[in-house]
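Numbering (our numbering), first residue to last: 1169 to 1458.
Ideal Cβ placement from N, Cα and C applies to all residues, glycine included.
Bear in mind the structure is a predicted one, so any value in this text is a computation, not a measurement.
What follows is one structure encoded as structure tokens, with my remarks underneath.
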Amino acid sequence: MAMASASGSALCFTDASSSRAIRRDCGTLCFAPRRITFGFVDKSLMNLERLRLSGLKPRASNATAVENGKQDGSAADSDKVPTPVVIIDQDSDPDATVVEITFGDRLGALIDTMNALKNLGLNVVKANVYLDSSGKHNKFAITKADSGRKVQDPELLEAIRLTVINNMLEFHPESSSQLAMGAAFGVLPPTELVDVDIATHISIEDDGADRSLLYIETADRPGLLVELVKIISDISVAVESGEFDTEGLLAKVKFHVSYRNKALIKPLQQVLANSLRYFLRRPSTDESSF
């Protein structure tokens, strides 16, 4: 069983089955076993590498259509392409996971996207479309087909996100110039990727006595949702619910988190923020520089 102790600004979580430790300014952080908690579900993380590439493959066959559009001076030109937005919302509906997709006025009925979600063992129980100044918003309320309940498994939530993005890359290949996944799986890679250090912003604030609100903004990449939940859970912090927004090259995350059903105390907030900064900077920063 994980235990915590605090002395000054040092906070340490230990477990008999885990001896890994990382030294930080706030003290020593000893990781507990890797268990994933999201929406009151507790399970071991499996097949993360599979999820990174789940359903994604290069869409080279669409390159000609994109190039022809650019030659014709159509809206496929990258400087006119709207920012794709995919939102996974666990807060707004108590009984379903809400997925919202926006891509200016370019999205069709998204029948193929709904069919792809059904292939993941999901039911689209409600769908609606609304318009505003940012374009057409397509919203789906999704439940698991076998239970009729909202999705609470972070691996499946990430699979939903990647499936939606995969379909967007297939049917709107011009979106690949605006998405981080376009660098590996799209026809037109982004002309300039977001710098991880510059993009990453983390803040934590109390949201009542029983939980805290964690905000993260960072460069997007496949598997990010699962990896964030894992690194948070590694220090025995529970992710109860939240929202994961894919906005072009950026991921914007809002998680409700708690420790033993209480809001995070300041030392633990610092441990969590430092752990996330360390993890999110690793793709572009050598570990020895810390």
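- DSSP, reduced to helix, strand and coil, places ASN1291 within a strand of the structure shown.
- In this structure PRO1358 is not in contact with ALA1367, their Cβ atoms being roughly 13 Å apart against a cut-off of 8 Å.
- Listed in chain order, the non-local C-beta contacts of ALA1284 below 6 Å within the same chain comprise THR1331 and ASN1335, local neighbours out to five positions each way being set aside.
- In this structure, VAL1253 sits away from THR1265, with a CB-CB distance that is not shorter than 8 Å.
- Taking the C-beta atoms as reference points, PRO1250 is found no nearer than 8 Å to GLY1276.
- DSSP assignment within the segment 1249-1276 yields the following whole beta strand (DSSP E) runs of 3 residues or more, N-terminal first: 1253-1257 and 1265-1270.
- Judged by beta-carbon spacing, VAL1297 lies beyond the 8 Å limit of ILE1310, meaning their Cβ atoms are not closer than that value.
- DSSP places TYR1383 in the uninterrupted beta strand (DSSP E) bounded by 1380-1387.
- Nearest Cα to LEU1392 within the set GLU1268, PHE1308 and ILE1328: ILE1328.
- With respect to the 8 Å criterion, VAL1425 and ILE1400 are classified as neighbours on the basis of their beta carbons.
- By the neighbour-count definition (other C-beta atoms within 10 Å, threshold 16), LEU1440 is a buried residue.
- A residue is called buried when at least 16 other Cβ atoms come within 10 angstroms of its Cβ; PRO1262 does not meet this threshold and is exposed.
- The residues GLU1268, ILE1269, THR1270, VAL1297, TYR1298 and LEU1299, in chain order, have a CB closer than 8 Å to that of HIS1305 in the same chain once the five nearest residues on each side in sequence are set aside.
- Annotated three-state conformation of SER1315 is coil, per DSSP.
- Our two residues, LEU1325 and GLU1411, have alpha carbons roughly 11 Å apart in a direct line.
- Counting only runs of 4 or more residues that sit fully inside the segment 1367-1444, the alpha helix (DSSP H) segments are 1392-1401, in chain order.
- The beta-carbon separation of ASN1429 and ASP1375, rounded to 13 Å, does not stay under the 8 Å limit for a contact.
- Under DSSP, LEU1299 forms a beta bridge with LYS1304.
- Separation of ASP1259 and GLU1342 (C-alpha to C-alpha, rounded to the nearest whole angstrom) is 31 Å.
- The three-state secondary structure of ALA1351, taken from DSSP, is helix.
- ALA1313 sits exposed, since fewer than 16 C-beta atoms from the chains shown fall within 10 Å of its C-beta.
- Cβ contact annotation for LEU1347 (same chain, cutoff 8 Å, sequence separation greater than five): PRO1252, ILE1333, MET1336, LEU1337, GLY1354, PRO1358, ASP1388, THR1414, GLY1416 and LEU1417, in chain order.
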